[in-house]
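Single-structure report; data block below.
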Amino acid sequence: MNGSARARGLGAELRQLRNQSGYKQEEVGKRLGLSKATMSRIENGTKTVTEADVSAILAILGVTGEDRNRLLKLAREQDQPGWWETGIPGLPKQLTGLLEFERDASLIRCLDMILVPGLLQTSDYARAVMRGSGVEPADIETRVAIRIGRQEILTKPNGVAFRSFVDAGVLRRVVGGPRVMAEQLRYVAKIAKRRNMMIQVIPEEVAAHPGLEGSFVLLEFPKARPIVHLEQRRLGAFLDEPADVADYANVLDTLQRVAMSPADSAKLIAARADELEG
108 MNGSARARGL
118 GAELRQLRNQ
128 SGYKQEEVGK
138 RLGLSKATMS
148 RIENGTKTVT
158 EADVSAILAI
168 LGVTGEDRNR
178 LLKLAREQDQ
188 PGWWETGIPG
198 LPKQLTGLLE
208 FERDASLIRC
218 LDMILVPGLL
228 QTSDYARAVM
238 RGSGVEPADI
248 ETRVAIRIGR
258 QEILTKPNGV
268 AFRSFVDAGV
278 LRRVVGGPRV
288 MAEQLRYVAK
298 IAKRRNMMIQ
308 VIPEEVAAHP
318 GLEGSFVLLE
328 FPKARPIVHL
338 EQRRLGAFLD
348 EPADVADYAN
358 VLDTLQRVAM
368 SPADSAKLIA
378 ARADELEG
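The working numbering applies: residue 108 is where the sequence shown begins, and numbers increase by one.
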(Lines of atoms letter the chains of each structure in order from A and count residues from 1; the text may use other names and numbers.)
(Lines give C-alpha, C1' and ligand atoms only; values in the text may rest on other atoms or scores of the structure.)
Protein backbone atom coordinates (compact mmCIF):
# COMPACT_ATOMS: atom_id res chain seq x y z
CA MET A 1 0.00 0.00 0.00
CA ASN A 2 1.74 3.15 -1.22
CA GLY A 3 -1.11 5.63 -1.58
CA SER A 4 -0.81 9.19 -0.36
CA ALA A 5 -2.62 10.39 2.73
CA ARG A 6 -5.18 12.08 0.48
CA ALA A 7 -5.82 8.95 -1.59
CA ARG A 8 -6.13 6.77 1.50
CA GLY A 9 -8.44 9.26 3.19
CA LEU A 10 -10.57 9.53 0.05
CA GLY A 11 -10.81 5.75 -0.20
CA ALA A 12 -11.83 5.48 3.45
CA GLU A 13 -14.64 7.98 2.94
CA LEU A 14 -15.86 6.24 -0.21
CA ARG A 15 -15.94 2.90 1.64
CA GLN A 16 -17.84 4.41 4.56
CA LEU A 17 -20.38 6.03 2.24
CA ARG A 18 -20.82 2.76 0.32
CA ASN A 19 -21.38 0.81 3.54
CA GLN A 20 -23.92 3.39 4.71
CA SER A 21 -25.79 3.11 1.43
CA GLY A 22 -25.97 -0.69 1.64
CA TYR A 23 -24.08 -1.36 -1.60
CA LYS A 24 -21.45 -4.07 -1.94
CA GLN A 25 -18.11 -3.42 -3.64
CA GLU A 26 -18.97 -5.67 -6.59
CA GLU A 27 -22.31 -3.91 -7.11
CA VAL A 28 -20.70 -0.48 -7.43
CA GLY A 29 -17.85 -1.90 -9.51
CA LYS A 30 -20.24 -3.60 -11.91
CA ARG A 31 -22.09 -0.36 -12.59
CA LEU A 32 -18.76 1.35 -13.26
CA GLY A 33 -17.27 -1.48 -15.30
CA LEU A 34 -14.64 -2.14 -12.63
CA SER A 35 -13.73 -5.39 -10.89
CA LYS A 36 -14.19 -5.96 -7.18
CA ALA A 37 -10.39 -6.04 -6.82
CA THR A 38 -10.11 -2.61 -8.44
CA MET A 39 -12.84 -1.22 -6.17
CA SER A 40 -10.96 -2.64 -3.19
CA ARG A 41 -7.76 -0.88 -4.27
CA ILE A 42 -9.65 2.39 -4.71
CA GLU A 43 -11.11 2.12 -1.22
CA ASN A 44 -7.70 1.22 0.21
CA GLY A 45 -6.14 4.23 -1.47
CA THR A 46 -3.62 2.13 -3.42
CA LYS A 47 -5.08 2.96 -6.84
CA THR A 48 -5.33 6.47 -8.19
CA VAL A 49 -8.97 7.13 -9.01
CA THR A 50 -10.04 9.78 -11.50
CA GLU A 51 -12.31 12.64 -10.57
CA ALA A 52 -14.80 11.28 -13.11
CA ASP A 53 -14.85 7.88 -11.42
CA VAL A 54 -15.33 9.48 -8.00
CA SER A 55 -18.18 11.54 -9.42
CA ALA A 56 -19.79 8.37 -10.80
CA ILE A 57 -19.35 6.53 -7.49
CA LEU A 58 -20.92 9.40 -5.57
CA ALA A 59 -23.85 9.47 -8.02
CA ILE A 60 -24.47 5.76 -7.44
CA LEU A 61 -24.32 6.29 -3.68
CA GLY A 62 -26.57 9.35 -3.82
CA VAL A 63 -23.99 11.75 -2.36
CA THR A 64 -24.61 15.38 -3.26
CA GLY A 65 -23.92 18.92 -2.06
CA GLU A 66 -20.95 19.91 0.07
CA ASP A 67 -19.74 16.34 0.66
CA ARG A 68 -19.67 15.66 -3.10
CA ASN A 69 -17.76 18.87 -3.82
CA ARG A 70 -15.24 18.19 -1.05
CA LEU A 71 -14.55 14.61 -2.18
CA LEU A 72 -14.16 15.67 -5.82
CA LYS A 73 -11.64 18.28 -4.71
CA LEU A 74 -9.80 15.59 -2.74
CA ALA A 75 -9.76 13.41 -5.89
CA ARG A 76 -8.28 16.25 -7.94
CA GLU A 77 -5.52 16.79 -5.40
CA GLN A 78 -4.87 13.21 -4.26
CA ASP A 79 -1.30 13.10 -5.60
CA GLN A 80 -0.25 16.30 -3.87
CA PRO A 81 1.77 16.05 -0.64
CA GLY A 82 -0.08 16.51 2.62
CA TRP A 83 -3.78 16.87 3.22
CA TRP A 84 -5.17 20.00 4.81
CA GLU A 85 -8.70 20.85 5.91
CA THR A 86 -9.66 24.23 7.33
CA GLY A 87 -12.74 25.91 8.75
CA ILE A 88 -13.83 22.96 10.87
CA PRO A 89 -17.24 23.78 12.39
CA GLY A 90 -17.74 20.53 14.27
CA LEU A 91 -16.12 17.17 13.78
CA PRO A 92 -12.87 17.28 11.81
CA LYS A 93 -13.53 16.56 8.15
CA GLN A 94 -10.63 14.11 8.22
CA LEU A 95 -12.19 12.03 11.01
CA THR A 96 -13.04 9.13 8.71
CA GLY A 97 -9.48 9.07 7.42
CA LEU A 98 -8.04 9.35 10.92
CA LEU A 99 -10.15 6.44 12.20
CA GLU A 100 -8.99 4.35 9.26
CA PHE A 101 -5.35 5.25 9.81
CA GLU A 102 -5.58 4.41 13.52
CA ARG A 103 -7.10 0.99 12.74
CA ASP A 104 -4.42 0.20 10.14
CA ALA A 105 -1.44 1.46 12.14
CA SER A 106 1.19 -0.87 13.57
CA LEU A 107 2.61 1.88 15.80
CA ILE A 108 1.16 5.19 17.01
CA ARG A 109 3.50 7.68 18.65
CA CYS A 110 2.34 11.04 19.93
CA LEU A 111 3.37 14.16 21.80
CA ASP A 112 0.82 16.02 23.91
CA MET A 113 1.72 19.36 25.46
CA ILE A 114 -1.71 20.55 26.63
CA LEU A 115 -4.11 17.66 27.24
CA VAL A 116 -4.15 13.93 27.90
CA PRO A 117 -3.96 12.17 24.50
CA GLY A 118 -7.38 11.66 22.95
CA LEU A 119 -6.85 7.90 22.76
CA LEU A 120 -6.36 7.83 26.54
CA GLN A 121 -9.14 10.19 27.64
CA THR A 122 -11.97 9.07 29.90
CA SER A 123 -15.49 10.08 28.92
CA ASP A 124 -15.78 12.62 31.75
CA TYR A 125 -12.43 14.20 30.90
CA ALA A 126 -13.29 14.33 27.17
CA ARG A 127 -16.67 15.84 28.00
CA ALA A 128 -15.03 18.55 30.12
CA VAL A 129 -12.54 19.32 27.34
CA MET A 130 -15.31 19.70 24.81
CA ARG A 131 -17.42 21.89 27.06
CA GLY A 132 -14.44 24.10 27.73
CA SER A 133 -13.65 24.28 24.01
CA GLY A 134 -17.10 25.57 23.17
CA VAL A 135 -18.44 22.49 21.39
CA GLU A 136 -22.19 22.75 20.89
CA PRO A 137 -23.93 20.90 23.77
CA ALA A 138 -26.01 18.86 21.31
CA ASP A 139 -22.82 17.53 19.68
CA ILE A 140 -20.85 16.65 22.80
CA GLU A 141 -22.19 13.17 23.54
CA THR A 142 -21.77 12.02 19.95
CA ARG A 143 -18.20 13.26 19.90
CA VAL A 144 -17.43 11.67 23.27
CA ALA A 145 -18.82 8.33 22.07
CA ILE A 146 -16.64 8.47 18.94
CA ARG A 147 -13.56 9.34 20.99
CA ILE A 148 -14.13 6.48 23.41
CA GLY A 149 -14.89 4.08 20.57
CA ARG A 150 -11.55 4.90 18.94
CA GLN A 151 -9.76 3.55 21.99
CA GLU A 152 -10.67 -0.03 21.11
CA ILE A 153 -7.56 -0.19 18.93
CA LEU A 154 -5.50 -0.02 22.15
CA THR A 155 -7.50 -2.32 24.40
CA LYS A 156 -8.41 -5.15 22.02
CA PRO A 157 -6.27 -8.31 21.94
CA ASN A 158 -3.05 -7.54 20.08
CA GLY A 159 -3.82 -3.84 20.30
CA VAL A 160 -1.73 -1.38 18.29
CA ALA A 161 1.57 -0.36 19.86
CA PHE A 162 1.20 3.08 21.43
CA ARG A 163 4.00 5.38 22.62
CA SER A 164 3.02 8.64 24.25
CA PHE A 165 5.05 11.59 25.50
CA VAL A 166 3.08 13.87 27.81
CA ASP A 167 4.28 17.19 29.18
CA ALA A 168 4.31 17.38 32.98
CA GLY A 169 2.03 20.41 32.78
CA VAL A 170 -0.75 18.16 31.47
CA LEU A 171 -0.82 16.41 34.86
CA ARG A 172 -1.29 19.71 36.68
CA ARG A 173 -4.07 21.04 34.46
CA VAL A 174 -7.19 20.11 36.42
CA VAL A 175 -9.68 19.52 33.62
CA GLY A 176 -13.23 18.89 34.85
CA GLY A 177 -12.34 19.31 38.53
CA PRO A 178 -10.22 17.25 40.95
CA ARG A 179 -12.40 14.12 40.83
CA VAL A 180 -12.53 13.94 37.04
CA MET A 181 -8.82 14.66 36.74
CA ALA A 182 -7.89 12.08 39.39
CA GLU A 183 -9.98 9.43 37.62
CA GLN A 184 -8.32 10.35 34.35
CA LEU A 185 -4.85 9.95 35.79
CA ARG A 186 -5.79 6.63 37.41
CA TYR A 187 -6.97 5.40 34.03
CA VAL A 188 -3.72 6.47 32.34
CA ALA A 189 -1.71 4.68 35.03
CA LYS A 190 -3.82 1.54 34.56
CA ILE A 191 -3.71 1.37 30.77
CA ALA A 192 0.02 2.12 30.79
CA LYS A 193 0.53 -1.36 32.26
CA ARG A 194 -0.61 -3.01 29.04
CA ARG A 195 2.15 -4.63 27.00
CA ASN A 196 1.39 -2.52 23.93
CA MET A 197 1.57 0.77 25.83
CA MET A 198 4.40 3.08 26.85
CA ILE A 199 3.71 6.46 28.45
CA GLN A 200 6.50 8.85 29.40
CA VAL A 201 6.29 12.24 31.08
CA ILE A 202 8.51 15.12 30.00
CA PRO A 203 9.64 16.59 33.33
CA GLU A 204 9.49 20.28 34.18
CA GLU A 205 13.28 20.32 34.48
CA VAL A 206 13.52 19.89 30.71
CA ALA A 207 12.59 23.50 30.05
CA ALA A 208 13.44 23.58 26.35
CA HIS A 209 12.99 20.78 23.83
CA PRO A 210 11.80 20.46 20.20
CA GLY A 211 8.34 19.35 21.32
CA LEU A 212 7.53 22.87 22.51
CA GLU A 213 6.38 23.68 18.99
CA GLY A 214 3.22 21.66 19.56
CA SER A 215 1.39 18.36 19.85
CA PHE A 216 1.19 15.82 17.03
CA VAL A 217 0.57 12.16 16.24
CA LEU A 218 2.81 9.98 14.05
CA LEU A 219 1.22 6.81 12.67
CA GLU A 220 3.28 4.00 11.13
CA PHE A 221 1.92 1.18 8.96
CA PRO A 222 3.08 -2.29 7.88
CA LYS A 223 2.76 -1.61 4.13
CA ALA A 224 2.43 2.15 3.72
CA ARG A 225 4.52 5.17 4.46
CA PRO A 226 3.94 6.88 7.82
CA ILE A 227 1.67 9.88 8.36
CA VAL A 228 1.77 12.78 10.79
CA HIS A 229 -1.54 14.19 12.03
CA LEU A 230 -1.77 17.75 13.33
CA GLU A 231 -4.91 19.27 14.80
CA GLN A 232 -5.75 22.63 16.27
CA ARG A 233 -9.04 24.35 17.02
CA ARG A 234 -10.01 25.12 13.42
CA LEU A 235 -7.22 23.51 11.46
CA GLY A 236 -6.24 19.95 10.81
CA ALA A 237 -3.58 18.38 8.59
CA PHE A 238 -2.12 15.08 7.48
CA LEU A 239 1.51 15.18 6.36
CA ASP A 240 3.07 12.30 4.46
CA GLU A 241 6.11 13.75 2.71
CA PRO A 242 9.11 11.68 3.93
CA ALA A 243 11.14 14.77 4.90
CA ASP A 244 8.26 16.18 6.96
CA VAL A 245 7.60 12.88 8.70
CA ALA A 246 11.31 12.39 9.43
CA ASP A 247 11.44 15.77 11.15
CA TYR A 248 8.61 14.82 13.51
CA ALA A 249 10.14 11.40 14.10
CA ASN A 250 13.37 13.11 15.13
CA VAL A 251 11.44 15.14 17.70
CA LEU A 252 10.11 11.93 19.25
CA ASP A 253 13.56 10.37 19.23
CA THR A 254 14.90 13.40 21.11
CA LEU A 255 12.08 13.23 23.65
CA GLN A 256 12.85 9.54 24.22
CA ARG A 257 16.23 10.64 25.59
CA VAL A 258 15.00 13.43 27.88
CA ALA A 259 11.65 12.06 29.15
CA MET A 260 11.22 10.18 32.40
CA SER A 261 11.26 6.39 32.20
CA PRO A 262 7.87 4.64 31.93
CA ALA A 263 8.25 3.39 35.53
CA ASP A 264 9.08 6.84 36.94
CA SER A 265 6.32 8.39 34.83
CA ALA A 266 3.80 5.94 36.28
CA LYS A 267 4.89 6.88 39.81
CA LEU A 268 4.51 10.59 39.06
CA ILE A 269 1.06 10.09 37.53
CA ALA A 270 -0.09 8.05 40.54
CA ALA A 271 1.32 10.62 42.96
CA ARG A 272 -0.53 13.41 41.18
CA ALA A 273 -3.77 11.40 41.38
CA ASP A 274 -3.19 10.87 45.12
CA GLU A 275 -2.68 14.61 45.53
CA LEU A 276 -5.95 15.41 43.76
CA GLU A 277 -7.86 12.86 45.82
CA GLY A 278 -6.29 14.00 49.08
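Glycine is no exception: its CB is placed at the ideal position from the N, C-alpha and C atoms.
Which runs of the beta strand (DSSP E) at least 3 residues long sit entirely within the stretch 280 to 339? Give them in chain order. 304 to 309, 323 to 327, 334 to 338
Does the pairing of the stretch 145 to 154 with the stretch 235 to 244 give three or more beta-carbon distances under 8 Å? no
The stretch 276 to 287 contacting the stretch 247 to 265, beta-carbon criterion three pairs below 8 Å: no
To the nearest angstrom, report how far apart GLY321 and VAL273 are at their CA atoms. The residue labelled residue 321 in the question sits at position 214 within the sequence shown. The residue labelled residue 273 in the question sits at position 166 within the sequence shown. Answer to the nearest angstrom: the Cα atoms are 11 Å apart.
Contact check, GLN185 vs THR155 under 8 Å by CB: the rounded distance? Counting from 1 along the sequence shown, the entry for residue 185 is found at position 78. Counting from 1 along the sequence shown, the entry for residue 155 is found at position 48. With a Cβ gap of about 7 Å, GLN185 and THR155 count as contacting.
Taking contact to mean at least 3 C-beta pairs separated by less than 8 Å, is the stretch 345 to 353 in contact with the stretch 285 to 294? no
Of all the options ARG332, LYS330, ILE221, LEU168, which has the alpha carbon lying nearest to the alpha carbon of GLN339? Position 232 of the sequence shown, counting from 1, holds the residue named residue 339. The candidate whose alpha carbon is nearest that of GLN339 is ILE221.
SER372, buried or exposed, once every other Cβ within 10 Å from all chains shown has been counted against 16: Here residue 372 refers to the residue found at position 265 of the sequence shown. That one is buried.
Going by other Cβ atoms of all chains shown within 10 Å of its Cβ, with 16 needed for buried, is ALA119 buried or exposed? As a first step, residue 119 is located in the sequence shown; it is residue number 12 there, counting from the start. Looking at its Cβ environment, which holds 16 or more other Cβ atoms inside 10 Å, ALA119 is buried.
Could you spell out where the alpha helix (DSSP H) holding ILE164 opens and where it closes? Taking the first residue of the sequence shown as position 1, residue 164 is located at position 57. Counting along the chain, the alpha helix (DSSP H) containing ILE164 begins and ends at 158 to 168.
Determine the extent of the alpha helix (DSSP H) in which LEU375 is found, giving its start and end residues. Taking the first residue of the sequence shown as position 1, residue 375 is located at position 268. Start and end: 369 to 384.
What are the partner residues of ASP90, as DSSP defines its beta bridges? Not covered by the structure: residue 90. The range shown for the chain is 108 to 385.
List the residues that DSSP assigns as beta-bridge partners of ALA268. Along the sequence shown, read from residue 1 onward, the residue named residue 268 stands at position 161. Answer is LEU214, bridged to ALA268.
Option nearest PRO310 by Cα separation, candidates ALA344, THR262, ALA366: For this step, residue 310 is matched to residue 203 along the sequence shown. When each option's Cα is compared against that of PRO310, the closest is ALA366.
Suppose you measure from the CA of THR203 to the CA of SER142; what does that come to, to the nearest Å? For the purposes of this step, residue 203 is taken as the residue at position 96 of the sequence shown. For the purposes of this step, residue 142 is taken as the residue at position 35 of the sequence shown. The straight-line gap from Cα to Cα measures roughly 24 Å.
When the distance is taken between beta carbons, is HIS316 closer than 8 Å to THR361? Here the question's residue 361 lines up with position 254 in the sequence shown. Here the question's residue 316 lines up with position 209 in the sequence shown. Closer than 8 Å, so yes.
In terms of DSSP beta bridges, what is VAL365 paired with? In the sequence shown, counting from the first residue as 1, residue 365 sits at position 258. Its beta-bridge partners do not exist; DSSP assigns none.
I'd like to confirm the pairing. Which residues does DSSP put opposite VAL273 in its beta bridges? Sequence index remark: in the sequence shown, residue 273 carries index 166 (1-based). Its beta-bridge partners are ASP219, VAL308.
Using the Cα positions of GLY140 and VAL313, report the straight-line distance between them to the nearest angstrom. Residue numbering aside, residue 140 sits at position 33 when the sequence shown is read from its first letter. Residue numbering aside, residue 313 sits at position 206 when the sequence shown is read from its first letter. The alpha-carbon atoms of GLY140 and VAL313 are separated by roughly 59 Å.
Boundaries (first-last residue) of the alpha helix (DSSP H) holding THR262: If you number the sequence shown from 1, residue 262 lands on position 155. It spans 259 to 262 - the alpha helix (DSSP H) in which THR262 sits, taken as one unbroken run.
Give the DSSP-derived three-state secondary structure of VAL242 in the structure shown. Working through the sequence shown from its first residue, we reach residue 242 at position 135. VAL242: coil per DSSP, three-state reduction.
Helix, strand or coil: which one does DSSP assign to GLY116? Taking the sequence shown and counting its residues from 1, one reaches residue 116 at position 9. Helix.
Please determine if the stretch 110 to 127 and the stretch 165 to 182 are in contact, where contact requires at least 3 C-beta pairs separated by less than 8 Å. yes
Quick one: give me the first and last residue of the alpha helix (DSSP H) that GLY172 is part of. One-based indexing of the sequence shown puts residue 172 at position 65. Per DSSP, GLY172 belongs to the alpha helix (DSSP H) from 172 to 183.
Nearest-angstrom Cα separation, counted from GLY385 out to PRO333: Your numbering for residue 333 matches position 226 in the sequence shown. Your numbering for residue 385 matches position 278 in the sequence shown. Each residue's Cα considered, the two are about 43 Å apart.
Leaving out five residues on either side along the sequence, give the residues of the same chain with a beta carbon under 7 Å from the beta carbon of LEU178. Counted from its first residue, the sequence shown places residue 178 at position 71. These residues qualify, in order along the chain: LEU117, GLU120, VAL161, LEU165.
Ignore the nearest five residues each way along the sequence and tell me which others in GLU133's own chain have a CB closer than 6 Å to its CB. Mapped onto the sequence shown, residue 133 falls at position 26. Counting only Cβ-Cβ distances below 6 Å, and skipping sequence neighbours, we find LYS143.
Which same chain residues end up closer than 8 Å to ASP219 when comparing Cβ atoms and leaving out the 5 residues on each side of it in sequence? Here residue 219 corresponds to residue number 112 of the sequence shown, with the count starting at 1. If we look at ASP219 and ignore the five residues flanking it on each side, its Cβ neighbours are SER271, PHE272, VAL273, ASP274, VAL277, SER322.
What's the gap between the Cα of HIS336 and the Cα of ALA378? As a working mapping, residue 336 is identified with position 229 in the sequence shown. As a working mapping, residue 378 is identified with position 271 in the sequence shown. Cα to Cα, HIS336 sits roughly 31 Å from ALA378.
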